[in-house]
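Report on the following structure.
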Amino acid sequence: MKVILLQDIKGVGKKDEIINASDGYARNFLLPKKMAVEADKNNLNKLNVKKENEKQRKQNELENAKEIAEKMKTITLKIKAKSGENGKIFGGITSKEIAENLKEQYNINVDKKKISIQETIKMLGNYFVEIKLHEGITAKLAISIINE
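Positions 7 to 154 (my numbering) are the ones given, in order, by the sequence shown.
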């Protein structure tokens with residue numbers, strides 16, 4: 007019996023995969039526990055529509071990431087920090103602060119986990135950080151740390 011899995015099942019298959027399961031396994035286990043639905047025309051059409059929507063959403067995310075990467079090439083993010091006499095910052099600049107300032111100054115939402123800082127920023131000056139926007143798309147962002 008052909009069934010469409012509604013969730014990942016170890017040793018059987020992944021979600022939205024069409025598999026051939028034995029009739030007994032499908033009728034007595036997969037279908038009653040709502041782990042799968044029968045692969046009839048209606049359910050196959052729903053699956054195809056779902057896959058098309060997912061494909062379209064991923065394409066939109068990719069285009070959006072490319073747009074943001076182009077925008078980041080032209081901007082310099084200015085972050086104000088308190089510092090001592092020799093230009094050393096009290097504390098340091100974190101990826102969270104970078105993400106918050108990007109949102110505040112340029113209305114660009116970036117997850118702090120996707121910001122890669124090579125060495126910790128502890129001095130006033132100009133720096134570059136890499137931001138992973140999407141699979142295969144990274145952007146370099148120029149950051150200028152200035153005294154408050």
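From the three backbone atoms N, C-alpha and C, an ideal C-beta is built for every residue, glycine too. These figures come from a predicted structure and were not determined experimentally.
Chain D contact for residue i (CB, 8 Å cutoff)
{"i": "D117", "result": "Chain labels in this structure do not include chain D; a single protein chain is all it has."}
Cβ distance (whole Å) where residue i is taken to contact residue j below 8 Å
{"i": "A45", "j": "L36", "result": "So it is not a contact: roughly 11 Å between Cβ atoms."}
{"i": "M7", "j": "D22", "result": "The Cβ separation is near 17 Å, so there is no contact."}
{"i": "A87", "j": "I99", "result": "6 Å"}
{"i": "I143", "j": "I85", "result": "So it is not a contact: roughly 24 Å between Cβ atoms."}
{"i": "M78", "j": "A145", "result": "4 Å"}
Top-ranked residue by Cα proximity to residue i, from the options
{"i": "L147", "options": "L130, K128, M129 and I114", "result": "I114"}
{"i": "K40", "options": "L11, N66, I25 and I24", "result": "L11"}
{"i": "I95", "options": "Q65, Y31 and N153", "result": "N153"}
{"i": "I25", "options": "V43, I123 and P38", "result": "V43"}
{"i": "I74", "options": "N59, E136 and I151", "result": "E136"}
{"i": "G97", "options": "I81, Y112 and I127", "result": "I127"}
Straight-line Cα distance separating residue j from residue i
{"i": "E91", "j": "M129", "result": "11 Å"}
{"i": "L68", "j": "V18", "result": "31 Å"}
Near the ligand ATP: residue i beta-carbon under 7 Å from a heavy atom
{"i": "K57", "result": "Absent from the structure shown: the ligand ATP. Ligands present: none."}
Local Cβ density within 10 Å of residue i, reported as buried at 16 or more and exposed below that
{"i": "V55", "result": "exposed"}
Three or more C-beta pairs closer than 8 Å, one from the segment 115-134 and one from the segment 49-66: is that the case here? No, because fewer than three Cβ pairs between the segment 115-134 and the segment 49-66 fall closer than 8 Å, the two stretches do not touch.
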